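Its first residue numbered 0, the sequence shown is counted upward by one per residue in numbering that gives the first Met the number 0.
Even glycine gets a Cβ: it sits at the ideal position worked out from N, Cα and C.
All values reported here derive from a predicted model rather than from experimental measurement.
Report on the following structure.
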Amino acid sequence: MLDILRRIVQDINATRDLHEALNLIVVEVKAALHTDVCSVYMTDATRGEHVLMATDGLRPGAVGKVRLKIGQGLTGMAASRSEPVNLDNAPAHPAFRYIAATGEAPFHGFIGVPIIRRRKVLGVLVAQQREQRKYTADEESFLVTLAAQLAGCITQAEIRQALERLDDDALSGTLFLEGVSSASGVALGEAVVVFPSTALDQAPDKDIDNPEAEAARFRQAVAAELAELQRLSERMRLLLSAGDRALFDAYALLLSSDSLVNGTLERIYAGNWAPGALRATVMEYANIFVEMDDPYLRERAADIVDLGQRLLDRLQEEQTVSRHYPDHTILMGEDISVSQLLDVPPEKIKGLVSVRGTSTSHVALLARGLGIPAVFGVSNLPPGRLNGREVAVDGYTVRVCVQPSPTLRQEYQKLIHEEAELSRGLQHLRDLPAETLDGHRLDLYANSGLFADIAAARNSGVQGVGLYRSEMHFFLRDRFPGEEEQTTIYTRILRIMDPHPVVLRTLDIGGDKSLPYFPIAEQNPFLGWRGIRISLDQPDLFKTQLRAMLRAGIAYPNLSILFPMISTVSELTEALELLRCAEAELREEGFPVQIPRIGLMIEVPSAVWKIDKLISMVDFASIGSNDLTQYLLAVDRNNDRVAKLYDSLHPVVLAAIRHVITQVQAAGRTVSVCGEMAGDPAAALLLMGMGIDSLSMNLGSLLKVKWMIRSVGYDEAQALLNEVIDLDTATAIRERTNIFLDQHGLSGLLRVGK
Ligand code: PEP
Ligand code: MG
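In structure tokens form, the structure reads like this:
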């Protein structure tokens, strides 16, 4: 059954349009189940009908004509109950409806399985049998499994069809694609698709005219990869044991071996281009290892494929270096990385659309920092078909509009204009304090990670930088920056913001932030080697960073240092020891360094419940609500499938934050929130109600939050918090908070969303 299932899905993916796909499904399923009829009904939600779209076994003329009201008949019952209906004698069932047009009177056995995608019923897959027959449990599971796969294929096929319509001038129209989360704002521009490296096993074959040139291109890639492996091995000398580094040597050996390189060259000379030739050779070679009895040698198959992938990446890289970015670039791709985003000149990037990731993945944080609207989790995005098309990114409705009609384009332009107006209208707040109507003040800081946004922060009247993500600088290099280089960077940041405080966070890599030159591959990266855990395991790297920060602080006492991902008291103890050690060393070397204000991030539940002890060891706490939410709710902040469950307004998240604030303030220390919720006016209102001392957010949200603070009373915020914190769901809390904002004349902020 599994083989049949795989084959059907493969066949469907190869079809050109939805009709072809559905016709193929019914024929193949009918054959697989040895049954008399297979049909697909699709749900037309706007007309409230299930429409017969394809059949093998009923009258072909009924296709497109038979329409059942939603919920009508056994097919409608399967859809409305969202579960299979399996009957040996359908006409005997009270819900059975006889429809003459289908010619189905003689059929008795019936099974209808809903086709569901993300909780939405797209249609029903139906099989029927002349005789009385109850479909077996195995057949039912087969159809259920197939329907689950079909949902994705149908959506893809629908999109392909819509794109075809877009290509056809006579039928030009607009295509909307839904995402699951976003960075707010609206942008209009031209799609520039950045491909992630194609998976090696999907590299296509392609005929070439000039095998000599192609062979030279491949040889160049091999040479570059060899050099890179040597460099990596050399660089990792300090970080990895000789055993671990042996992998690089093994790769180098494979690259020098005849089989891989010559095999590929032979195929190139036979007329295939390099990616196709490489795929075929690597797969053939890897298969030899897969068949081996020795488990060690079997494992090497994965290494060969990995190496093949690296070579393929290199071949593709070379084609993308001279990328042209139009003036209004909307960057699109499977999984846009921070470096791909930074590759676009800042004045040209207007929007971002990604199949993967969510609004709290790190590329999203960067997009927000740079004020770029974005939509994430657009799982139906066919990036390969969109390059060069006009696209609107709507971070408010979390949708992407491909080729907007003139009316829609006007609408989007109007929204962009209104956004700009709102920002301009708030400019007068720039130098006013974030103070409530009844005189309660908060400090508002900016989150930052680049020089570009630091300079912008300086010019926007913020009171300082509440979170400087130091890893951003590490991303932009091809190796770890050394002490001198880091000292220069930190000094520059402190000088730009002087005398306003700057909180430099120590390196927070791992999770979704993997440095190209320090790859970390783990099964569960967010529960793995991240943040302070890496710093403590690599004291050489950590001390270099601490020394650089301390040295920068000599001339600029506006420095604070923040430790990320603290989950135990001993981690904080060790981090502080290393800090003191760095201080002592520097003093010995004659640098007049001082230990600055030290803070810890509260982003792991264990730290929430140990806050009394942890806070006694430092000067301040900063709540990383992005991670705290993911760890409290067990929702991966990067996974678009569960993005709907991720909400920092969840009552449990609010309760944890309130606990931290109370404890920290009881210990006479200050506490801030620096996760994304600080920049969400609704969440900021509740945090203020809890008595938070300061909020640190992306610059784009700062004046909006200040507007909110200056429009409400502190006592009202407290009362609202007490009213909502015991509600059961984040949705209920958000609804009530939005009503409050609306009543205070702040409806302009409601669009900002989560
Ligand atoms: C957080 O987790 O809320 C935070 C500010 O850190 P980051 O988003 O960089 O993980
Ligand atoms: Mg974090």
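Would you tell me roughly how many angstroms separate the C-alpha atoms of Pro203 and Leu310, rounded to the nearest one? Distance from the CA of Pro203 to the CA of Leu310, rounded to the nearest whole angstrom, comes to 15 Å.
For Val36, which residues from the same chain have a beta carbon less than 8 Å from its beta carbon, with the 5 sequence-adjacent residues on both sides left out? Lys29, Thr54, Asp55, Gly56, Leu57, Glu103, Phe106, Val125, Ala126, Gln127 and Gln128
Is Asn625 close to ligand 2? I mean its beta-carbon at under 7 Å from any heavy atom of the ligand. yes
Straight-line CA distance for Ala398 to Leu259? What sits at residue 398 in the sequence shown is Arg, not Ala. Going by the C-alpha atoms only, they are around 45 Å apart.
Contact check, Asp497 vs Tyr555 under 8 Å by CB: the rounded distance? 6 Å
DSSP-derived helix/strand/coil call for Leu176: strand
Can we count Gly598 as close to ligand 1, meaning its CB is less than 7 Å from some heavy atom? no
Within 10 angstroms of the Cβ of Thr728, are there 16 or more other Cβ atoms? Answer buried if so, exposed if not. Exposed, since its Cβ has fewer than 16 Cβ neighbours within 10 Å.
Which whole-angstrom value is the C-beta distance of Val362 and Val392, which I expect to be below 8 Å? Actually they do not touch by this definition, with Cβ atoms about 14 Å apart.
Might you give, ordered along the chain, the residues of its own chain that have their beta carbon closer than 8 Å to the beta carbon of Leu314, omitting 5 neighbours on each side? Arg216, Phe217, Ala220, Ala273, Pro274 and Leu277
Have a look at Ala94 and Pro680 and give me their C-alpha separation to the nearest angstrom. 50 Å
DSSP-derived helix/strand/coil call for Thr628: helix
Using a Cβ-based criterion (distance less than 7 Å to any ligand heavy atom), does Cys580 qualify as near ligand 1? no
Test item: CB-CB of Ser710 and Ser693 under 8 Å: no
Residues in the same chain with beta-carbon distance under 6 Å from Arg657, minus the five sequence neighbours each way, listed in chain order, please. Met689
Which residue comes first and which comes last in the beta strand (DSSP E) that contains Asn85? Per DSSP, Asn85 belongs to the beta strand (DSSP E) from Val84 to Leu86.
Are Leu364 and Val193 touching if we call contact CB-CB under 8 Å? no
DSSP on Leu701, reduced to helix/strand/coil? Here Leu701 sits in helix by DSSP.
Does any heavy atom of ligand 2 sit closer than 7 Å to the C-beta of Pro432? no
6 Å Cβ shell around Leu685 - same chain, five flanking residues per side excluded: Leu720
Taking the alpha carbon of Gly460 as the reference point, which residue from Ile110, Glu576 and Lys705 has its own alpha carbon closest? Ranking the options by Cα distance to Gly460, first place goes to Lys705.
If you draw a straight line from the C-alpha of Pro344 to the C-alpha of Ile303, how long is it? 36 Å
Just list the residues that DSSP pairs Gly111 with in beta bridges. Its beta-bridge partners are Val84 and Val125.
Looking at the unbroken alpha helix (DSSP H) that takes in Val354, where does it start and where does it end? Looking at the DSSP string, Val354 is not in any alpha helix (DSSP H), and its letter there is neither H nor E.
Could you give the residue range of the alpha helix (DSSP H) that holds His49? Segment Glu48 to Asp55 is the beta strand (DSSP E) holding His49; no alpha helix (DSSP H) there.
So, is Lys68 buried or exposed, given that buried needs 16 or more other C-beta atoms within 10 angstroms? So Lys68 counts as exposed.
Given 7 Å as the limit, tell me if Glu602 has its C-beta closer than that to any heavy atom belonging to ligand 4. Of the ligands one can find in the structure shown, namely ligand 1 and ligand 2, none is ligand 4.
Check this for me: beta carbons of Arg504 and Pro563, under 8 Å apart or not? Pro563 is positioned such that its CB atom lies closer than 8 Å to that of Arg504.
Nearest by alpha-carbon distance to Leu526: which of Asp626, Lys64 and Asp618 is it? Asp626
Return the residue from the list Asp326, Thr359, Gly332 and Gly356 that minimises the CA-CA distance to Lys754. Nothing about residue 754 can be reported from this structure: the residues present for the chain run from 0 to 753 only.
Apart from the five residues just before and just after Thr74, which ones in its own chain have a Cβ nearer than 7 Å to its Cβ? Tyr40, His49, Leu67, Gly111, Val123 and Val125
Kindly indicate the opening and closing residues of the alpha helix (DSSP H) around Cys580. Val568 to Glu587
Coarse secondary structure for Ala723, derived from DSSP in three states: Residue identity differs from the one stated: residue 723 is Val in this sequence, not Ala. It is helical.
Who does Ala445 pair with in a DSSP beta bridge? Val464 and Met696
At least 3 beta-carbon pairs within less than 8 Å: the segment 631–648 vs the segment 179–189: yes
How many whole angstroms separate the CB atoms of Gly712 and Thr435, which I take to be in contact at a CB cut-off of 8 Å? 6 Å
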